[in-house]
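Undergrad: Questions regarding the structure given below will be posed in turn.
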Amino acid sequence: MSRAGWFGLGAAAAAGVALGRKVAGSAAVGSGHPWKHRGLDAASGVLQQKYPVDAMSTYLNGFHMYADDMGRQVEASHFCIHLQHDLHQCVIFDRNAADARLIGIEYIVSAERFRALPEDEKRLWHSHHHEVKSGVLVAPGIPEIAERAYFSDLVTTYGKTFHTWQYDRDDFPYGIPQLMMAFTAEGQADEEAVRARDRRLGVSASEREQKRAGIPTPDVEPGANAWESGRTVQTRLEEMPFRFG
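Mapping to the working numbering: the sequence shown position 186 is 327, numbers consecutive.
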């Protein structure tokens, strides 16, 4: 079977697992809500087509840090679609469960697309080379051969991530979206958090690191991982005049 065939098979399997979990855990979602709301949810779940959601068949789990604070690290479950040959788009939840909290979005582009970005735009993006090579980023449930094929491509890409829910601090999505970054070297990720994730998902970052040793490590494009310079960018709320047309 071709590499694309293996990945398609693995993605389909992951999608089936995700769907099964959603159905199995759906009874708990919305508990405490009025019956009319739960009735609407049940009807729409059966009758409505949700094409953008159904197309997101790739499930990845990793960690992000806030662009201005390496000490704030959070686990992130990505659900992605390969929208174009050089562009993926992902929605991010705090975990893979029916009642998971939606915490952000990520766009992923090829190195070629990244190189064409304006210099100011590049400061918002991070590389994926260390996430992949270290084994911290995983695709739970995917056959090893399919996962390796996928990550052999992903290792060369760049991501722009904003989290809309600072769930490491608040139980409600207060504030404005925050720019997030990825780790670029050993010793940056919280090892205990990674081990706890591994135990929960039945994966091993260290084993995946060993198995991915043969994946070539790309040179990082200038402009990515801006925080490594000691200066970074982050979003803030700013008041300004309103324009009436």
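Just so you know, even glycine gets a beta-carbon here, dropped at the ideal spot from N, CA and C.
Jot down the residue ranges of each uninterrupted beta strand (DSSP E) in the region 217 to 242, minimum 3 residues, whole runs only, in chain order.
TA: 228 to 234
Undergrad: Hey, is the region 327 to 345 in contact with the region 277 to 295, meaning 3+ C-beta pairs nearer than 8 Å?
TA: yes
Undergrad: Are three or more beta carbon pairs between the region 350 to 364 and the region 294 to 306 nearer than 8 Å?
TA: Result yes; three or more Cβ-Cβ pairs closer than 8 Å.
Undergrad: Helix, strand or coil for residue 303 per DSSP?
TA: strand
Undergrad: Quick one: residues in its chain with C-beta nearer than 7 Å to the C-beta of residue 305, no 5 flanking neighbours on either side, listed in chain order?
TA: 244, 245, 314 and 318
Undergrad: Below 8 Å CB to CB, which residues in the same chain sit around residue 275 once its five sequence neighbours on both sides are set aside?
TA: Sequence-distant Cβ neighbours of residue 275 in its own chain, meaning closer than 8 Å and more than five residues away, are 324, 327, 330, 346 and 350.
Undergrad: Check whether the Cβ of residue 368 sits closer than 8 Å to any heavy atom of the ligand MG, and report yes or no.
TA: Ligands displayed in this structure: none; no statement on the ligand MG is therefore possible.
Undergrad: Figure out for me which residue from 367, 213 and 288 has the closest Cα to the Cα of residue 311.
TA: 213
Undergrad: Restricting to runs no shorter than 4 residues, where is the alpha helix (DSSP H) found entirely within the region 337 to 375?
TA: Fully enclosed alpha helix (DSSP H) runs of 4 or longer: 346 to 352.
Undergrad: In the DSSP assignment, find the alpha helix (DSSP H) that holds residue 255 and state where it starts and stops.
TA: 252 to 256
Undergrad: Look at the Cβ atom of residue 301, then the Cβ atom of residue 362, and state whether they are nearer than 9 Å.
TA: no
Undergrad: For residue 267, which residues of its own chain have a beta-carbon under 7 Å away from its beta-carbon, when the five flanking residues on both sides are left out?
TA: 299, 300, 322, 323, 365 and 366
Undergrad: Give the C-beta separation of residue 340 and residue 216 to the nearest angstrom, bearing in mind that I take them to be a contact with Cβ-Cβ under 8 Å.
TA: The pair is not a contact, with the Cβ atoms about 13 Å apart (cut-off 8 Å).
Undergrad: Could you spell out the range, first to last residue, of the alpha helix (DSSP H) harbouring residue 205?
TA: Counting along the chain, residue 205 falls outside any alpha helix (DSSP H), though it belongs to the beta strand (DSSP E) covering 199 to 207.
Undergrad: Please state the DSSP three-state secondary structure of residue 285.
TA: helix
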